[in-house]
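Step one of this worksheet: look at the structure below.
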Amino acid sequence: MQTTLLKLLCEKNALAYIIFDTNFLVLETNKEGITQGSDIHEYLWEIVGLEDKILHLNAEKKPIVIPMIFRDGFYYDLEIASFTNHKNQVLFIATMQQKSKYSQEYADVIKKINKKTLVYELSDEKKQNSSYQEINKHLITLHVDLDGYITMINEAALHFFNLEREEMLGKHFSTFFQPQKSQLSTTNIFIAKNSSAEDIFFYADIIPLTNKNTKVFENIIIAQNITHLKKIKHELEYAQEHDTLTGLANRHHFLKLLDKRIEENKEFFLCFIDIDDFHTVNDEYGAHAADMLLKHLSKLLLEFIEAGDMLMRIHADTFTIIFETGKNREYIEILLKKLPTLFTNNPLYYSDEDIIRFNCTNILLSYPYEIKESKETLALAQKLLQRKKIEKKELHR
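The sequence shown lines up with residues 1 to 397 when you count with the UniProt record's numbering.
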């Protein structure tokens with residue numbers, strides 16, 4: 001489905017939309033305050049932990065639906081689906097359908113958050129205040145005036161900050177909560193330090209209170225701890241770009257970094273290193289020994305490279321070194337001549353009986369000569385490595 005058609009359908013049905021790519025970067029939107037190229041997590045923190053499900057969406061699968069998210073004073077039902085544009089790129093569209101403000105559905109959402117039944121009607125002010133007190137038992141809740149000064153605070157907040165009520169009343173909201181740095185003009189994510197001086201992330205719902213003349217006289221801020229979601233997001237981002245066996249950056253990270261270096265349009269060098277006859281290690285000693293050899297080699301190469309260089313594992317037994325910009329070919333070639341001796345002198349002592357000796361083949365590529373485009377570079381490297389391995393075998397016959 002074409003991007004233009006999707007946008008027209010959204011506009012026709014009065015839907016807010018955000019189109020983003022597989023890196024979760026915003027490409028297009030009709031929502032104000034969202035910057036093109038920013039991380040969609042900054043606006044839709046609710047998708048933290050759902051990244052893998054989103055990336056595996058396709059035209060045949062049902063979209064992901066998240067009901068009742070609060071943005072800009074309104075509640076929305078969020079729906080995320082995938083589509084393919086005219087360039088055959090897989091993209092995603094998040095559509096937001098506005099719900100009635102302060103509807104009964106909001107009460108249901110709060111009820112689920114607190115894992116207890118709250119039955120109340122929002123039409124009666126007395127019952128509404130009673131409901132807020134139930135919420136206060138579980139979430140940090142502050143009343144602030146129109147200038148941001150705290151007029152009321154619940155026990156959960158006092159416990160979190162380990163302060164007396166008098167120490168917080170009359171203080172400005174920003175004394176305790178700092179907005180998270182964001183590319184957006186506004187953010188609902190704040191950082192506060194707990195009594196142990198640890199940074200805790202909160203998502204804040206800001207609910208205006210009105211008098212009989214419908215004039216806002218103060219706001220209720222309900223803050224929900226989302227630190228665990230931030231941790232999950234960080235872990236997912238790390239796992240996406242790192243090899244679990246060696247801890248090195250992986251192929252995904254390599255391609256991103258290579259694209260960045262190419263965009264800088266400065267000369268740089270790559271060395272690809274591939275273990276000779278790696279399959280024989282697996283056949284003779286087993287999968288565990290093969291894994292130990294990969295870890296052993298990664299340790300040797302980490303000790304071999306210099307400050308500013310970066311080592312990555314981009315394939316089963318293929319590693320690459322991106323050398324620091326500014327190093328010349330002659331210097332790098334002198335370094336690479338030391339590799340055969342490094343491998344010969346440092347076999348893997350797998351057990352008391354088993355010493356695994358190994359050799360590697362390496363090639364050196366440079367930008368802008370051999371390297372033109374990131375994915376083409378990988379194919380070229382594999383081709384040259386295979387050719388060099390064949391030449392080595394013929395030489396030793």
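Even glycine gets a Cβ: it sits at the ideal position worked out from N, Cα and C.
Outcome for residue i when other beta-carbon atoms lying within 10 angstroms are tallied against a minimum of 16
i, result
"LYS101", "Confidence is the limiting factor: at LYS101 the pLDDT is only 47, short of 50, which leaves the residue's position unreliable and the question unanswerable from this model."
"ASN265", "exposed"
"ASN154", "buried"
"ASN136", "Reliability of the predicted coordinates at ASN136 is poor, the pLDDT of 46 falling under 50, and no value is obtained from them."
"HIS41", "buried"
"ALA316", "exposed"
"LEU395", "exposed"
"THR318", "buried"
"VAL65", "exposed"
"ALA381", "buried"
"TYR238", "exposed"
"CYS10", "buried"
"ILE355", "exposed"
"ILE34", "buried"
"THR117", "Summary for THR117: the model assigns pLDDT 38, below 50, so the residue's position carries little reliability, and this model does not support an answer."
"VAL119", "Annotation note: pLDDT 41 at VAL119 (below 50); position unreliable, coordinate value reported separately. Exposed, since its Cβ has fewer than 16 Cβ neighbours within 10 Å."
"TYR369", "exposed"
"SER195", "exposed"
"ALA379", "exposed"
"VAL281", "buried"
"TYR349", "exposed"
"LYS127", "With a pLDDT of 48 at LYS127, under the threshold of 50, the predicted position of this residue should be treated as unreliable, though the coordinate-derived value follows. Exposed: under 16 other Cβ atoms inside 10 Å."
"ILE322", "buried"
"SER185", "Confidence is the limiting factor: at SER185 the pLDDT is only 43, short of 50, which leaves the residue's position unreliable and the question unanswerable from this model."
"THR341", "exposed"
"LEU169", "exposed"
"ASP243", "buried"
"THR377", "buried"
"ILE371", "buried"
Cβ-Cβ distance between residue i and residue j below 7 Å
i, j, result
"ILE80", "ILE54", "yes"
"THR227", "LEU270", "no"
"ASN188", "ALA204", "yes"
"LEU302", "LEU311", "yes"
"GLY308", "GLU330", "no"
"ILE363", "PHE304", "no"
"CYS360", "ILE275", "yes"
"THR151", "HIS159", "no"
"ASP291", "LEU245", "yes"
"ALA192", "PHE173", "no"
"ASP77", "PRO63", "no"
"GLU51", "ILE69", "no"
"ASN346", "LEU297", "no"
"PHE190", "PRO179", "yes"
Bounding residues of the alpha helix (DSSP H) (the contiguous stretch that carries residue i)
i, result
"LEU339", "339-345"
"THR377", "374-395"
"HIS242", "Segment: none, HIS242 is in no alpha helix (DSSP H) and carries neither H nor E."
"SER298", "287-304"
"LYS53", "51-55"
"LEU335", "329-336"
"GLU166", "165-168"
Pick from the options that is closest to residue i, judged by C-alpha positions
i, options, result
"SER374", "LEU50, ILE153, ARG251", "ARG251"
"ALA289", "ILE322, ASN23, SER351, ASP147", "SER351"
"ASP147", "PHE160, GLU218, PRO208, ALA192", "GLU218"
"GLY37", "TYR43, VAL26, LEU44", "VAL26"
"GLU28", "LYS299, ALA94, ILE314", "ALA94"
"THR22", "ILE64, VAL65, SER82, PHE278", "SER82"
"LYS389", "PHE278, ILE47, GLU306", "PHE278"
"ARG313", "GLY326, PHE254, ASN211, LEU348", "PHE254"
"ASN328", "TYR367, GLU353, ASN345", "TYR367"
"GLY49", "PHE70, ASN58, ASP72, PHE24", "PHE24"
"PHE202", "ASN211, LYS215, ALA223", "ALA223"
"ARG71", "LYS31, LEU365, ALA197, ARG357", "LYS31"
Start and end residues, beta strand (DSSP E) containing residue i
i, result
"SER366", "360-367"
"THR210", "199-210"
"HIS143", "140-145"
"GLN224", "216-225"
"SER38", "Element bounds for SER38: n/a, residue is neither H nor E."
"TYR17", "16-20"
"ILE153", "150-153"
"LEU311", "310-315"
"LEU248", "Note, LEU248: premise wrong, no beta strand (DSSP E); not H, not E."
"ARG71", "64-71"
"TYR76", "74-84"
"LEU27", "26-29"
Nearest-angstrom Cβ-Cβ length linking residue i and residue j, presumed shorter than 8 Å
i, j, result
"GLN97", "LEU209", "Wrong, their Cβ atoms sit about 26 Å apart, outside the cutoff."
"ALA156", "THR141", "7 Å"
Min CB distance residue i to chain C below 7 Å
i, result
"MET68", "Although the question refers to chain C, the structure presented lacks it and comprises just one protein chain."
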